[in-house]
Every structure is written in structure tokens, then in C-alpha cells.
Amino acid sequence: MTGSNQEQVLQREEALKTRLAPLISAGKLAGVQAVSDWVPSIARQQADRQLLQRVVYAPGGVLEQAAARLGQPLRAAPLPARVR
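What follows is the structure, given as C-alpha cells:
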């Protein structure tokens, strides 16, 4: 895998993994190990963060729904004095 910088290499590797996924699912390829499995591209990290913001942390999101089911409303609380 080559690229003009580290970010481009990671993005290309991620794209290749996406293209290889059907072969893995079909049992034609045992699997793939890639650096981007451990060090995702900046673009992947940003996309993951946006997904978390939209699905988990947004008002009405998964975190708020889980807290409501547990009867624990979400609210900011000050840290105990010993932690400060």
C-alpha cells in the first residue's frame, strides 16, 4: 500500500478492507490484518465521532434512552472534592 502521506495510506487500506469483506464473508479469504485496524485514519476517526454524537450522545439518543429505562436521568454533576 502506498500513498503521499500516512493518512492517505490508511484511507486506502480501509477502502481495500471494505472491498475484501465480501470475500471474507464468502469464505474465499480467511481474513485480513491491517494497520488501520489499530490506527484508523483521521477521516475514519472523525466519521466514528460523528456517528457517536448522532446516535449515542444526541438528545433522545441511545445513552439518554438507556438512562431513562434505568430511571437515572442524565445530568452533569460536580466531581467529589477528593478528585478535584
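What the sequence shown shows, in the numbering used here, is residues 3 to 86, in sequence order. For each residue, glycine too, the CB sits at the ideal point set by N, CA and C.
Assigned secondary structure, residue 31 (DSSP; H/G/I helix, E/B strand, else coil): Per DSSP, reduced to three states, the secondary structure at residue 31 is coil, with no helix or strand assignment.
query = How do the region 6 to 13 and the region 33 to 48 stand: do at least 3 beta-carbon pairs fall below 8 Å, yes or no?
reply = Yes, they touch.
With a threshold of 8 Å on Cβ separation, who are the neighbours of residue 57 within its own chain once the five nearest residues in sequence on each side are excluded? Counting only Cβ-Cβ distances below 8 Å, and skipping sequence neighbours, we find 63 and 64.
For residue 43, the three-state DSSP class (helix, strand or coil): Residue state, collapsed to three classes: coil.
- Item | Sequence-distant residues of its chain with Cβ nearer than 8 Å to residue 59 (five each side left out) | For residue 59, where only same-chain residues beyond five positions count, the Cβ hits under 8 Å are 65.
request  = Would you mind sorting residue 38 into buried or exposed? The rule is 16 or more other CB atoms within 10 Å of its CB.
outcome  = Residue 38 is buried by the Cβ-count criterion.
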